[in-house]
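Protein chains: 2
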Amino acid sequence: MPPISGRTRLFAVLGDPVAQVKAPALVNPLFAASGVDAVLVPVHAPAGRLDEVVRGLKATANLDGLLVTVPHKLAMCAHADELSPVAALLGSTNALRREPDGRWYGDNFDGTGFVRGLAAQGHDPAGRRVALAGAGGAGLAIAAALLAAGVARLTVSDPDRGRLDALLARLGTDRPGRVGAAPGPPPDTGLAVNATPLGLDPADPLPFDPALLPPDALVADIIMTPAETPLLRAAAALGRPTHPGVHMLTEQLPLYREFFRLPG
Amino acid sequence: MPPISGRTRLFAVLGDPVAQVKAPALVNPLFAASGVDAVLVPVHAPAGRLDEVVRGLKATANLDGLLVTVPHKLAMCAHADELSPVAALLGSTNALRREPDGRWYGDNFDGTGFVRGLAAQGHDPAGRRVALAGAGGAGLAIAAALLAAGVARLTVSDPDRGRLDALLARLGTDRPGRVGAAPGPPPDTGLAVNATPLGLDPADPLPFDPALLPPDALVADIIMTPAETPLLRAAAALGRPTHPGVHMLTEQLPLYREFFRLPG
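These protein sequence lines are chains U and C, in that order. Quick note: the first sequence uses my numbering, first residue 33, plus one each step. Quick note: the second sequence uses my numbering, first residue 33, plus one each step.
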């Protein structure tokens with residue numbers, strides 16, 4: 033990457049832990065390709081000290097924006113002066129920028145990134161019957177984006193019934209019949225998505241059994257490390273098409289470019 | 033420079049302004065040469081918000097050290113849990129590290145860097161008669177290091193008499209006759225040093241007239257931008273040997289390497 037000077041603008045990606053983040057490896061080449069003298073650095077903000085870290089970053093005059101990962105996406109909403117409609121709906125922000133007037137504006141590109149990632153691989157979700165495992169922050173963002181993209185039906189599973197009900201309450205009120213709970217993917221599923229953490233640890237059980245899906249059902253995972261999760265490996269072994277987690281992040285790059293007003 | 037990942041450790045150089053700092057261009061190659069996955073970034077901490085910025089940096093778990101430039105070297109002493117003897121004498125710190133137990137230790141390498149820079153260019157100051165212009169923070173650091181290096185005599189000039197007296201009080205009590213005030217370089221000066229800001233602006237007057245020095249007197253400047261200050265240009269035009277400001281910084285690199293415990 034290009035050398036850093038005293039004029040280089042700063043961006044930070046906040047997480048706890050932060051060692052796993054992929055954003056610097058993707059966004060710094062984007063800065064270079066855009067001719068922008070800026071650098072994205074990982075900032076390990078321990079959960080109990082997030083407020084101190086963010087106050088310091090906001091007071092840093094050459095810092096222009098923040099990306100946010102687990103577990104800070106919800107808490108960071110309180111540090112935004114204004115939220116996009118999507119971020120407000122989700123109660124979660126993964127990108128914040130300093131506006132020309134000094135206010136902080138937060139958005140959330142996780143769900144849009146996931147849907148764009150599908151489309152970039154030739155998997156338009158419009159009209160499909162989709163089963164989603166996981167009603168946490170990522171699941172909620174993906175569910176909202178899939179509904180906005182026009183899926184025919186969305187069923188969501190999560191062992192935490194309270195969390196599942198909360199997701200349905202946020203999404204379902206104006207979509208009777210299109211979104212609902214299910215213990216797992218129904219047999220007519222066309223796209224099954226894992227948005228749980230199951231698969232981060234090789235000893236995890238599968239989030240659902242791909243053998244119960246139709247032969248042409250697409251199996252998608254949002255876990256990026258490992259690139260081939262046990263779920264995707266099992267699905268591939270059964271001949272099912274698969275979609276790895278990295279596309280959700282790479283397809284956020286054009287959105288970051290626009291959000292942070294990078295040229296080109 | 034090498035790519036930044038989620039595992040990259042952070043260092044920051046604090047200043048207000050910060051656009052002029054050279055440390056990232058010098059220290060980042062040092063990290064790379066040492067095989068250390070770390071990055072030094074410029075942090076513009078406005079004077080009134082330094083405390084907020086530093087609290088945030090200290091709460092950042094993957095940040096290991098700080099470098100400090102104008103105007104924060106004095107204020108940063110209050111953010112160190114312990115100061116080196118030199119930093120305590122000067123009341124000024126330009127480098128702080130997080131100790132294994134979490135405490136912050138501050139040191140000051142400005143003066144040592146200047147003296148090492150002279151030596152590296154073949155100009156051992158020991159035994160010389162030295163005239164120093166400027167009794168601010170940099171002047172004080174350089175004065176202390178020159179005395180420690182064994183100069184025969186040190187005279188200091190500064191239009192601010194209170195500041196000059198304060199410098200002499202800090203340095204002079206156990207060195208009667210070796211250090212004193214003077215309106216400018218005495219005619220038998222062997223080394224004349226500018227530690228004032230005069231020369232940053234092309235319209236500035238010279239800090240002293242090099243024509244009044246002996247033909248073989250070395251004329252040194254600590255200003256790094258421009259590399260050839262009006263003082264150095266005037267001295268060179270008179271045939272005097274000159275010593276530019278960059279050496280003071282480059283000769284701090286081995287000190288930073290040791291201070292931040294970099295391998296090699």
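Think of the CB as a built atom: it goes at the ideal place given N, C-alpha and C, for glycine as much as any other residue.
Pairwise C-alpha distance: residue j and residue i
{"i": "Pro51 (chain U)", "j": "Asp113 (chain C)", "result": "Here the sequence assigns Ala to residue 51 (chain U), which means Pro is not the residue at that position. Going by the C-alpha atoms only, they are around 28 Å apart."}
{"i": "Arg202 (chain C)", "j": "Asn94 (chain C)", "result": "37 Å"}
{"i": "Asp253 (chain U)", "j": "Gly277 (chain U)", "result": "5 Å"}
{"i": "Gly216 (chain U)", "j": "Val188 (chain U)", "result": "8 Å"}
{"i": "His275 (chain U)", "j": "Gly296 (chain C)", "result": "45 Å"}
{"i": "Ala65 (chain U)", "j": "Ala91 (chain U)", "result": "28 Å"}
{"i": "Asp133 (chain U)", "j": "Pro237 (chain C)", "result": "39 Å"}
{"i": "Arg293 (chain C)", "j": "Asp142 (chain C)", "result": "18 Å"}
{"i": "Ala181 (chain C)", "j": "Leu121 (chain C)", "result": "16 Å"}
{"i": "Arg193 (chain C)", "j": "Leu178 (chain C)", "result": "21 Å"}
{"i": "His279 (chain C)", "j": "His155 (chain C)", "result": "12 Å"}
{"i": "Pro78 (chain U)", "j": "Pro49 (chain U)", "result": "8 Å"}
{"i": "Pro258 (chain U)", "j": "Pro229 (chain U)", "result": "12 Å"}
{"i": "His104 (chain C)", "j": "Gly123 (chain C)", "result": "11 Å"}
{"i": "His111 (chain U)", "j": "Gly47 (chain U)", "result": "15 Å"}
{"i": "Pro273 (chain U)", "j": "Asp220 (chain U)", "result": "15 Å"}
{"i": "Ala267 (chain U)", "j": "Arg185 (chain U)", "result": "22 Å"}
{"i": "Phe291 (chain U)", "j": "Ser116 (chain U)", "result": "11 Å"}
{"i": "Pro239 (chain C)", "j": "Glu260 (chain C)", "result": "14 Å"}
{"i": "Val68 (chain C)", "j": "Leu62 (chain C)", "result": "9 Å"}
Reference residue i, options the options, closest by Cα
{"i": "Leu150 (chain U)", "options": "U:Ala224, U:Met33, U:Pro49 and U:Thr92", "result": "U:Ala224"}
{"i": "Arg161 (chain C)", "options": "C:Asp248, C:Arg293 and C:Ala266", "result": "C:Asp248"}
{"i": "Arg130 (chain C)", "options": "C:Arg195, C:Arg265 and C:Val86", "result": "C:Val86"}
{"i": "Val102 (chain U)", "options": "U:Ala259, U:Ile255, U:Arg39 and U:Ala184", "result": "U:Ile255"}
{"i": "Leu98 (chain U)", "options": "U:Ala79, U:Ala120 and U:Asn140", "result": "U:Asn140"}
{"i": "Val251 (chain C)", "options": "C:Asp96, C:Leu232 and C:Pro242", "result": "C:Pro242"}
{"i": "Met108 (chain U)", "options": "U:Leu281, U:Asp96 and U:Leu128", "result": "U:Leu128"}
{"i": "Arg289 (chain C)", "options": "C:Asp96, C:Ala268 and C:Ile36", "result": "C:Asp96"}
{"i": "Leu200 (chain U)", "options": "U:Pro219, U:Gly166, U:Ala184 and U:Asn226", "result": "U:Gly166"}
{"i": "Trp136 (chain U)", "options": "U:Leu172, U:Asp197, U:Lys54 and U:Leu89", "result": "U:Leu89"}
{"i": "Ala158 (chain U)", "options": "U:Phe291, U:Arg210 and U:Leu287", "result": "U:Arg210"}
{"i": "Val197 (chain C)", "options": "C:Ala184, C:Ala213, C:Arg185 and C:Leu186", "result": "This sequence places Asp at residue 197 (chain C); Val is not what is there. Closest by alpha carbon: C:Ala213."}
{"i": "Glu245 (chain U)", "options": "U:Phe63, U:Gly80, U:Leu270 and U:Ala152", "result": "The sequence shown places Leu at residue 245 (chain U), rather than the Glu named in the question. When each option's Cα is compared against that of Leu245 (chain U), the closest is U:Leu270."}
{"i": "Phe43 (chain U)", "options": "C:Arg81, C:Asp190 and C:His76", "result": "C:His76"}
Assumed close pair residue i, residue j - CB separation to whole angstroms, cut-off 8 Å
{"i": "Leu106 (chain C)", "j": "Leu285 (chain C)", "result": "No, Leu106 (chain C) and Leu285 (chain C) are not in contact; Cβ-Cβ is about 23 Å, not under 8 Å."}
{"i": "Val45 (chain C)", "j": "Asn60 (chain C)", "result": "11 Å between Cβ atoms; not a contact."}
{"i": "Ile174 (chain U)", "j": "Val73 (chain C)", "result": "Not confirmed; about 33 Å, so no contact."}
{"i": "Gly168 (chain C)", "j": "Arg195 (chain C)", "result": "7 Å"}
{"i": "Val118 (chain U)", "j": "Ala170 (chain U)", "result": "Not really, about 14 Å apart at Cβ, beyond 8 Å."}
{"i": "Pro234 (chain C)", "j": "Pro262 (chain C)", "result": "7 Å"}
{"i": "Gly145 (chain U)", "j": "Leu287 (chain U)", "result": "7 Å"}
{"i": "Val100 (chain C)", "j": "Asn126 (chain C)", "result": "5 Å"}
{"i": "Leu264 (chain C)", "j": "Lys54 (chain C)", "result": "In fact, because the Cβ distance is near 17 Å, the residues do not count as touching under 8 Å."}
Per-residue contacts from residue i into chain U (C-beta, under 8 Å)
{"i": "Leu281 (chain C)", "result": "Result: empty, since nearest Cβ-Cβ is about 12 Å, beyond 8 Å."}
{"i": "Gln284 (chain C)", "result": "Within 8 Å Cβ-Cβ: nothing; Gln284 (chain C) doesn't reach chain U, min ~16 Å."}
{"i": "Leu98 (chain C)", "result": "Within 8 Å Cβ-Cβ: nothing; Leu98 (chain C) doesn't reach chain U, min ~12 Å."}
{"i": "Ala110 (chain C)", "result": "By Cβ distance, chain U contributes nothing, its closest Cβ being about 16 Å from Ala110 (chain C), past 8 Å."}
{"i": "Leu178 (chain C)", "result": "Result: empty, since nearest Cβ-Cβ is about 28 Å, beyond 8 Å."}
{"i": "Leu42 (chain C)", "result": "Val73, Pro74 and Val75"}
Listed by chain order, chain U residues near residue i by CB distance under 9 Å
{"i": "Val71 (chain C)", "result": "Ile36, Val71 and Val73"}
{"i": "Asn60 (chain C)", "result": "Pro35 and Ile36"}
Below-9 Å beta-carbon distance, residue i vs any chain C residue
{"i": "Val278 (chain U)", "result": "no"}
{"i": "Ala77 (chain U)", "result": "yes"}
Residue i: contacting residues in chain C (beta-carbon distance under 8 Å)
{"i": "Gly88 (chain U)", "result": "Glu84, Val85, Val86, Arg87, Gly88, Leu89, Ala91 and Thr92"}
Beta-carbon neighbours of residue i, restricted to chain U and to distances below 7 Å
{"i": "Arg135 (chain C)", "result": "Going along chain U, no residue has its Cβ under 7 Å from Arg135 (chain C), so there is no contact; the nearest lies around 17 Å."}
Chain C residues whose Cβ lies nearer than 7 Å to that of residue i
{"i": "Ala51 (chain U)", "result": "Gly38 and Arg39"}
{"i": "Arg81 (chain U)", "result": "Ala91"}
{"i": "Ala57 (chain U)", "result": "Pro35 and Ser37"}
Residue i at chain U interface by Cβ criterion, 9 Å
{"i": "Gly67 (chain C)", "result": "no"}
{"i": "Val45 (chain C)", "result": "yes"}
{"i": "Asp48 (chain C)", "result": "yes"}
{"i": "Lys105 (chain C)", "result": "no"}
{"i": "Leu244 (chain C)", "result": "no"}
Interface flag, residue i vs chain B, CB-CB below 9 Å
{"i": "Leu95 (chain C)", "result": "Among the protein chains in the structure shown, which are U and C, there is no chain B."}
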